[in-house]
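A short write-up of the structure that comes next.
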Amino acid sequence: MAPSAADVFWQPGSQSANPNIAQGDIYKPEYFEYISSTISALDKELFALNQDIHDHPELRFEERHAHDVLTAFVEKQGFDVTRNYLLETAWVATYKHGNGGRTLGVNSEMDALPGIGHACGHNLIATAGVAVACAVKAALEKFDISGTVVLLGTPAEEGGGGKVILLEKGAYEGMDACVMCHPAPGPPHSLSLSSCLALQRVIAEYHGHTAHAALSPWEGQNALDAAVLAYTNISALRQQLKPTHRVHGIIEGKDWTPNIIPDYAKMSYYVRAPTRAEVQAAVKRVIPCFEAAALATGTKGDVQLSGSTNDIRQNKALSDEVADVYSKNFGPVDYKHGIQSASTDFGNVTYALPAIHPSFAIPTKGSNHTRAFTDAAATKEAHQAMLNVSKALAATGMRLLSDDDFAQKVKDTFQEDLRLRKLEAEMA
């Protein structure tokens, strides 16, 4: 049965309810117990870190305060830290134990949103990455397992594609898998392993000619008219697009005034769909909407693709493991809530290597990118939800590092997904 609206928006106070926890053993329960105690022991310090980042929201590629406090924290925990790694506000913290072994990657997002701060909860994501990495480091030492954990501080998820840039620059090379998590509305105490929408950014610029709007409008070429026509063209196209597809954007201008024909207009648009292949097919239908507007108005149109992010391909072996650990210790797991209708640059990471990106529910009166979510992301209840998923992710990471058969299964399921992607591309 589908959850009610009251379930989806978990209100403060409902955290007192005890979820039904699945019963049964998990892989190496002693690993999980040690991971849990390690994270719990760091609770106060992690909460202070979480609050510090929340209180200092910074936009994409400007996360200097977050960069400094996060690197200082993990350096104190014994990690080898490289600041300003490949990008000014990116960083990497590495810990290696023993000889050889596999490498677990972990991500910490840091950026906020214009005007509304950490309305996507990246303060929680940043802190979760630290918690996971610290717990895995401690477990490698405790149980004397050879392996490496790499915590990557990734800037500019909100509109900057920071992970895409870092991926292209080689920041993820050598990782056997990568994990992170994301807060979202959802049923109380729940974890979601849904995907998200792939996204293509499109920029259309129209260049016309100014003229007096009353005295001699026939001398002008109206760039604003071109933008309005393109907007209308796309609106007409939407009724022939699939219900799961999204096309949306804004119109911008400069030095506009009512009595001058505008000679410049800019449209910033997003095209989204459940898979990269579907986005690419949809873009082929959207581009002519922009081009036709230039033709109709006699303006010069310049349409450019300006960056894309992919859907999340949750690695089946990793997601099954984190679901097993989480459901047996904290609460229910679903595959339909989370950020399924949003987009993230971590999708590109999941196309490149085995990875998971579960969403965890926090008590909130509003969804992501609202002021209500900003407030919710600062609560102790949200912090506790973040600690819970961090424990499950760290336990999953330890299985990757310690269990050869499981590590091979992770590789095999990634290869199977590559095959599925090829089929999706052929069918789109």
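Sequence positions in the sequence shown follow my numbering and run 64 to 491.
Just so it is clear, CB atoms sit at the ideal spot from N, CA and C, and this is done for glycine as well.
**Request:** Please name the residue or residues paired with Lys363 in a DSSP beta bridge.
**Result:** Translated into positions along the sequence shown, residue 363 becomes position 300. DSSP lists His270 as partners of Lys363.
**Prompt:** In terms of residue numbering, what span does the beta strand (DSSP E) encompassing Thr217 cover?
**Reply:** As a first step, residue 217 is located in the sequence shown; it is residue number 154 there, counting from the start. That run of the beta strand (DSSP E) goes Gly210 to Thr217.
**Message:** For Thr427, count the other beta carbons within 10 Å of its own beta carbon; 16 or more makes it buried, fewer makes it exposed. Which is it?
**Reply:** Your numbering for residue 427 matches position 364 in the sequence shown. Classification of Thr427: buried, given that the 10 Å Cβ count is 16 or more.
**Prompt:** Can you tell me whether Met490 is buried or exposed, with buried defined as 16 or more other CB within 10 angstroms of its CB?
**Reply:** As a first step, residue 490 is located in the sequence shown; it is residue number 427 there, counting from the start. Met490 is exposed by the Cβ-count criterion.
**Item:** Rounded straight-line distance, which links the Cα of Lys107 to that of Lys399
**Value:** As a first step, residue 399 must be located in the sequence shown, where it is residue number 336. As a first step, residue 107 must be located in the sequence shown, where it is residue number 44. The straight-line gap from Cα to Cα measures roughly 32 Å.
**Prompt:** Helix, strand or coil for Phe110 per DSSP?
**Reply:** Start at 1 with the first residue of the sequence shown, and residue 110 comes out as number 47. Looking at Phe110 - three-state DSSP - the assignment turns out to be helix.
**Item:** Secondary structure, alpha helix (DSSP H): runs of 4+ residues fully inside the stretch 441-465
**Value:** 443-465
**Per-residue DSSP class, three states only, for Lys391** = For the purposes of this step, residue 391 is identified with residue 328 of the sequence shown, where counting begins at 1. Residue state, collapsed to three classes: coil.
**the stretch 379-388 in contact with the stretch 456-474 per 3-pair CB rule at 8 Å** = yes
**Prompt:** Leaving out the 5 sequence neighbours to the left and right, which residues in its chain are closer than 6 Å to His446 when beta-carbon positions are compared?
**Reply:** Residue 446 sits at position 383 when you count from the first residue of the sequence shown. The answer, listed in chain order, is Phe110 and Asn113.
**Request:** Check whether the Cβ atoms of Leu358 and Arg165 sit closer than 9 Å, and answer yes or no.
**Result:** As a position in the sequence shown, residue 358 is number 295, starting the count at 1. As a position in the sequence shown, residue 165 is number 102, starting the count at 1. Against a cut-off of 9 Å, the Cβ pair of Arg165 and Leu358 comes out as no contact.
**Message:** Which of the three DSSP states is assigned to Glu172 in this structure?
**Reply:** Here residue 172 refers to the residue found at position 109 of the sequence shown. Strand at Glu172.
**Message:** Just verifying my parser: in three-state terms, what is the DSSP assignment at Asp475?
**Reply:** The residue given as residue 475 occupies position 412 in the sequence shown. Helix, per DSSP.
**Request:** For the beta strand (DSSP E) containing Lys226, list its first residue and its last residue.
**Result:** Position 163 of the sequence shown, counted from the start, is the residue given in the question as residue 226. Careful: Lys226 lies outside any beta strand (DSSP E), inside the alpha helix (DSSP H) at Gly225 to Glu231.
**Message:** Output needed for Gly161: all residues of its chain with C-beta closer than 8 Å, excluding positions within five of it in sequence on either side, in chain order.
**Reply:** Working through the sequence shown from its first residue, we reach residue 161 at position 98. These residues qualify, in order along the chain: Leu203, Asp207, Ile208, Ser209 and Gly210.
**Message:** Tell me the DSSP secondary structure of Met484 in three-state form.
**Reply:** Taking the first residue of the sequence shown as position 1, residue 484 is located at position 421. Here residue 484 is Arg; the residue named in the question, Met, does not match the sequence. Of the three classes helix, strand and coil, the one that applies to Arg484 here is helix, per DSSP.
**Request:** Find the nearest neighbour of Ala424 within the set Ser253, Tyr97, Lys139 and Thr145, judged by alpha-carbon distance.
**Result:** Here the question's residue 424 lines up with position 361 in the sequence shown. Closest option to Ala424, Cα to Cα, is Ser253.
**Among Glu172, Leu167 and Val144, nearest to Phe124 - alpha-carbon criterion** = Here residue 124 refers to the residue found at position 61 when the sequence shown is read from its first residue. Looking at the Cα atoms, Glu172 is the closest of the given residues.
**Neighbourhood of Ala523 by C-beta distance below 7 Å, restricted to the same chain and skipping five residues each side** = With the chain running from 64 to 491 in the structure shown, residue 523 is simply not present.
**Request:** Give the range of the alpha helix (DSSP H) segment to which Phe409 is assigned.
**Result:** Stepping through the sequence shown from its first residue, residue 409 is reached at position 346. Phe409 -> alpha helix (DSSP H) spans Phe409 to Ala415.
**Item:** Residue(s) in a DSSP beta bridge with Cys241
**Value:** Looking up residue 241 in the sequence shown gives position 178. Cys241 is bridged to Gly168 and Ala418.
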